[in-house]
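Residue numbers (the working numbering), protein chains in the order written: chain A, 1 to 111; chain B, 112 to 226. Heads up, the beta-carbon is just placed ideally off N, CA and C, and yes, glycines get one too.
Here's what the structure looks like:
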């Protein structure tokens, strides 16, 4: 089955700096890759997603890149703000079916 | 914006008892999911449900678990003979479709505490 790894497990950045979180997946059939942000005690919230027919997608300060050959995808957050502090989970799935999540990255944005 | 709603927000149960967690998916969504998140760990898939039957389930979803859509709006997860290790946050999610890789929208979760 699918296995998703995520690095780093924790990340601290200064406000205004960029943050990059990387995920790798094992199943080449996976074709849908969402990223979720989870604040303490809250639901996972979708922040961006990418499908395998696209190499990059951007939404304001957030971007995701996908390398199908290497089977990895990355989340990029620019101009980080304190409210970006949360746990970020990547996931991989086949056509949006059951998600296999990575172990999460705890991002701390220091003012 | 429509949301997935879950009740109760917190359930405390004695070990060995049965619990039912309830979810109301987004109204035009066709696919429903249950996930589990043990404190401090990643979100784990339990089961997916479509057209009134289970479409896929994980190894975690054994005979202790069952799901049901008792009416046109609710989607429930039943856990029989609860164990201490069932303590976790349980999230319900729904998506509009699968074939076009639609995102899954999560509810706020039910925190299950087994004593």
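{"Asked": "Take residue 161 of chain B and list the residues in its own chain whose beta-carbon comes closer than 7 Å to its own, dropping the five residues that flank it on each side.", "Found": "141 and 142"}
{"Asked": "Expressed to the nearest angstrom, what Euclidean distance is found between the alpha-carbon atoms of residue 177 of chain A and residue 86 of chain A?", "Found": "Residue numbering for chain A in the displayed model covers 1 to 111; residue 177 of chain A lies beyond these limits and cannot be assessed."}
{"Asked": "Quick one: list the residues of chain A neighbouring residue 154 of chain B, beta-carbon separation under 9 Å, in chain order.", "Found": "36, 38, 44, 89, 91, 99, 101 and 104"}
{"Asked": "For residue 30 of chain A and residue 199 of chain B, what's the separation of their Cα atoms in angstroms?", "Found": "27 Å"}
{"Asked": "Would you kindly work out how many angstroms separate the C-alpha atoms of residue 156 of chain B and residue 80 of chain A, rounded to a whole number?", "Found": "30 Å"}
{"Asked": "Going straight from the alpha carbon of residue 69 of chain A to that of residue 183 of chain B, what length do you get?", "Found": "43 Å"}
{"Asked": "Do residue 54 of chain A and residue 46 of chain A come within 8 Å of each other at the CB atom, strictly closer than that value?", "Found": "no"}
{"Asked": "Report yes if the C-beta distance between residue 188 of chain B and residue 225 of chain B is below 8 Å; otherwise report no.", "Found": "no"}
{"Asked": "Is it right to say residue 191 of chain B is buried, meaning 16 or more other beta carbons lie within 10 angstroms of its own, or is it exposed?", "Found": "exposed"}
{"Asked": "Smallest Cα separation from residue 138 of chain B: which of B/120, B/113 and B/117?", "Found": "B/113"}
{"Asked": "If you reduce the DSSP assignment to three classes, tell me which class residue 195 of chain B lands in.", "Found": "helix"}
{"Asked": "Excluding the 5 residues preceding and the 5 following residue 91 of chain A in the sequence, name in chain order all residues of the same chain whose CB lies nearer than 8 Å to its CB.", "Found": "4, 33, 34, 35, 36, 99, 100, 101 and 102"}
{"Asked": "For residue 50 of chain A, collect the residues of the same chain with a Cβ closer than 7 Å to its Cβ; drop the 5 residues on either side in sequence, then sort them by chain order.", "Found": "33, 57, 64, 66 and 73"}
{"Asked": "Starting from the Cα of residue 71 of chain A, find the closest Cα among A/60, A/52 and A/88 and give me that residue.", "Found": "A/52"}
{"Asked": "On the DSSP letters alone, give me the boundaries of the beta strand (DSSP E) that residue 10 of chain A sits inside.", "Found": "10-14"}
{"Asked": "With a threshold of 8 Å between beta-carbons, can residue 31 of chain A be considered close to chain B, or not?", "Found": "yes"}
{"Asked": "For the beta strand (DSSP E) holding residue 225 of chain B, just list the boundary residues, first then last.", "Found": "221-225"}
{"Asked": "Could you give the distance in angstroms between the alpha-carbon of residue 107 of chain A and the alpha-carbon of residue 16 of chain A?", "Found": "13 Å"}
{"Asked": "Just the C-alpha distance for residue 9 of chain A and residue 84 of chain A, rounded to the nearest angstrom, thanks.", "Found": "16 Å"}
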